[in-house]
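So the sequence lines, in the order shown, correspond to chains U and P. Every number in the working numbering is 1327 more than the matching position in the first sequence, counting from 1. Every number in the working numbering is 1327 more than the matching position in the second sequence, counting from 1. C-beta atoms are modelled at their ideal positions from N, C-alpha and C, and glycine is treated no differently. Below is one structure, written out as structure tokens, with a few remarks after it.
There are 2 protein chains.
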Amino acid sequence: MIKSDKTVLSLQAFQRMPYYLQYLKELYREGVRTISSPAVSAHFGFTEIQVRKDFAAVCSSRGVPRHGFDTKQLIDDIETLLGYQDTKAAVLVGTGILGNTLLQYRELADYGMQIVASFDVNRELIGRTLHGKPVLHASKIGDYCRRMKIQTGIIAVPKEQAQTVCDQLISGGILAIWNFAPVYLSVPDYILVKNENPAVSLALLSRHLQEGRRI
Amino acid sequence: MIKSDKTVLSLQAFQRMPYYLQYLKELYREGVRTISSPAVSAHFGFTEIQVRKDFAAVCSSRGVPRHGFDTKQLIDDIETLLGYQDTKAAVLVGTGILGNTLLQYRELADYGMQIVASFDVNRELIGRTLHGKPVLHASKIGDYCRRMKIQTGIIAVPKEQAQTVCDQLISGGILAIWNFAPVYLSVPDYILVKNENPAVSLALLSRHLQEGRRI
DNA sequence: TAGATTGTTAATCGATTAACAATC
DNA sequence: TAGATTGTTAATCGATTAACAATC
């Protein structure tokens, strides 16, 4: 019998899943049909216990002592968990260098996301298409999202405009925001914001270099 | 007397600093010379205690009851902490769409990073310059980094090549890696890897949308 | 003075790790 | 059977929050 009330997956564990998935798929392609947590932990440098717990939390079948987990089963379970199967429509706001890169980023489809339209204020772009997607005027964000029932918005505008754009997206009924502007967005509780902030990343790198020098 | 052995700053607190900094600079530009933690907590939606502790941990002067912290002092202290002042040279590996975007990303300088060279295997690019930076053959990564004493490497190659590139960077003496490939890199303990993985970000967005539907 | 805000010590919460029994 | 590997319960660790005294 399969447990329905599985061990709750921590947020941290959830974020390790894409890495496990990538590796397991690689192994499966090479013909590995069964995988043990010690083997996976050796690959990633995680502890055996952590991998075992992570797998136990997501795998719908049990691991087999002396053998490990069924590779295919794990792959399927993680993919379902991550929601890569059903594609979710998203809008992109800001078609500068970064916005353009996102429009061209084909892997988004692999991760269950499809940009269906983009928005800008540049008159020369409005009404045209960019990488096959229509560019609309930013004033229509709320309207469009409501009409098309879009749930995800991507913010790729300068930081000065980010909060305004965020508010427009929310007024359009969006529930999740992928924010590339280096500002903290103020949103209601039911909205999720995932920040992609180079200032934070570079600070972490810088901190490590300073520590290295000190020690 | 200023404490030298300050409250240790947690990793989480450290990562909030770029957001505080951005906001404090904005306030300072508007003429706000003193700022209280309740005011900041209201802006971000953090708890007052958290902001107070974060500020206490980084501010070289003490906060003043009934008034708050000195805005300028906080800005200076956070900037020093984040290491945005002294520019660190970095190499970029992979000059595809993403690599190009990074080369054009002017804000990197604000965060203390400067890309000094890029590497690729595309024969048509080698020997030329891209956005003012020389493009060298990937086989020269280790050599170049060692000679120029580069400490930071940026990986913007397809996931299949990421680990190889990573190993080359490490052999060149690099200490910190900014990894845009959606794989977990295996590195020695003294190397810091900061992952920028869209698969993780999109999984988090997807999870929120699924939860929203369920509730 | 009264009250807003700071600083510090203790309690709670979440995630990881340790210990060990269960099983193929 | 012996031993590798799993699953589970308890202990530890790190970060946040609560409680409250100190201070301008």
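For the alpha helix (DSSP H) containing residue 1478/U, list its first residue and its last residue.
Segment: none, residue 1478/U is in no alpha helix (DSSP H) and carries neither H nor E.
Of all the alpha helix (DSSP H) runs that stay within the bounds of the segment 1438 to 1466 of chain P, which reach a length of 4 or more residues?
none
Touch check for the segment 1399 to 1411 of chain P and the segment 1398 to 1408 of chain U: three-plus C-beta pairs under 8 Å?
no
Looking at chain U, is there any beta carbon in it that lies within less than 9 Å of the beta carbon of residue 1344/P?
yes
Hey, residue 1527/P and residue 1345/U are a contact pair by Cβ (cut 8 Å); roughly how many whole angstroms apart?
5 Å
On a Cα-Cα basis, can you pick out the residue from 1461/P, 1499/P, 1487/P and 1459/P that is closest to residue 1472/P?
Selection 1461/P, 1499/P, 1487/P and 1459/P evaluated against residue 1472/P yields 1499/P as nearest (Cα-Cα).
Just mark residue 1385/U as buried or exposed, buried being the case when its beta carbon has 16 or more other beta carbons within 10 Å.
buried
Under 8 Å by Cβ, that's how I've got residue 1420/U and residue 1468/U pegged, so tell me the actual separation to the nearest angstrom.
6 Å
With a cut-off of 9 Å, does the C-beta of residue 1396/U fall near any C-beta of chain P?
no
Measuring only between beta-carbons, confirm whether residue 1452/U sits less than 9 Å from chain P.
no
Would the segment 1489 to 1499 of chain U count as touching the segment 1407 to 1424 of chain P if we require 3 or more Cβ pairs under 8 Å?
no
Please check the pair residue 1440/P and residue 1415/P, which I expect to be a contact at CB under 8 Å, by giving their CB distance rounded to whole angstroms.
Indeed, because the Cβ distance is near 6 Å, the residues count as touching under 8 Å.
Does the beta carbon of residue 1393/P come closer than 9 Å to any beta carbon on chain U?
no
When you compare only the Cα positions, how much space is there between residue 1508/U and residue 1383/U?
37 Å
Starting from the Cα of residue 1422/U, find the closest Cα among 1433/U, 1447/U, 1434/U and 1443/U and give me that residue.
1447/U
Quick one: grab the DSSP three-state call for residue 1516/U.
coil
Could you tell me which of 1336/U, 1444/U and 1412/U sits nearest to residue 1380/U, measuring between CA atoms?
1336/U
Mind pulling the chain P residues with CB within less than 8 Å of residue 1424/U?
Within 8 Å Cβ-Cβ: 1428, 1431 and 1432.
From the DSSP output, read off the bridge partner residues of residue 1352/P.
DSSP, once it has assigned bridges, lists no residue as partnering residue 1352/P.
I'd like the list of long-range same chain contacts for residue 1444/P, defined as Cβ closer than 7 Å, with 5 residues on each side in sequence excluded.
1418, 1460, 1461, 1463 and 1471
Would you mind telling me which residues of chain U sit closer than 7 Å to residue 1478/P, beta carbon to beta carbon, in chain order?
Within 7 Å Cβ-Cβ: 1536.
Among residues of its own chain, excluding the 5 on either side of residue 1457/U, which ones have a beta-carbon nearer than 8 Å to its beta-carbon?
Non-local beta-carbon contacts of residue 1457/U in its own chain, meaning distances under 8 Å to residues more than five positions away in sequence, involve 1422, 1427, 1430 and 1445 in chain order.
How should residue 1330/P be labelled, buried or exposed, when 16 other C-beta atoms within 10 angstroms of its C-beta is the threshold for buried?
For residue 1330/P, the pLDDT reaches just 35, beneath the cut-off of 50, and the residue's location in the model is therefore unreliable, although a value from the coordinates is still provided. Classification of residue 1330/P: exposed, given that the 10 Å Cβ count is below 16.
Give a yes or no on whether 9 Å exceeds the smallest Cβ distance from residue 1371/P to chain U.
yes
First and last residue of the beta strand (DSSP E) that includes residue 1420/U?
1415 to 1420
Where does residue 1541/U sit, in a helix, a strand or coil, going by DSSP?
Caution applies to residue 1541/U, whose pLDDT of 47 falls short of 50 and renders its modelled position unreliable; the model cannot decide the point.
Exposed or buried, residue 1478/U, counting other C-beta atoms within 10 Å across all chains shown (16 or more means buried)?
buried
With 16 as the cutoff for other CB atoms within 10 Å, does residue 1356/P come out buried or exposed?
exposed
In this structure, what does DSSP give as the bridge partners for residue 1521/U?
1505/U
Between residue 1482/U and residue 1506/U, how many whole angstroms is the CB-CB distance? I'm expecting something under 8 Å.
5 Å
Give the straight-line distance between the Cα atoms of residue 1364/U and residue 1435/P, rounded to the nearest whole angstrom.
39 Å
Along chain U, which residues have their Cβ under 9 Å away from the Cβ of residue 1449/P?
Residues of chain U whose Cβ lies closer than 9 Å to the Cβ of residue 1449/P do not exist; the shortest such Cβ separation is about 17 Å.
Using a cut-off of 8 Å between C-beta atoms, extract the partners of residue 1341/U located in chain P.
1530, 1531 and 1534
The alpha helix (DSSP H) with residue 1365/U in it runs from where to where?
Run containing residue 1365/U: 1364 to 1371, per the alpha helix (DSSP H) assignment.
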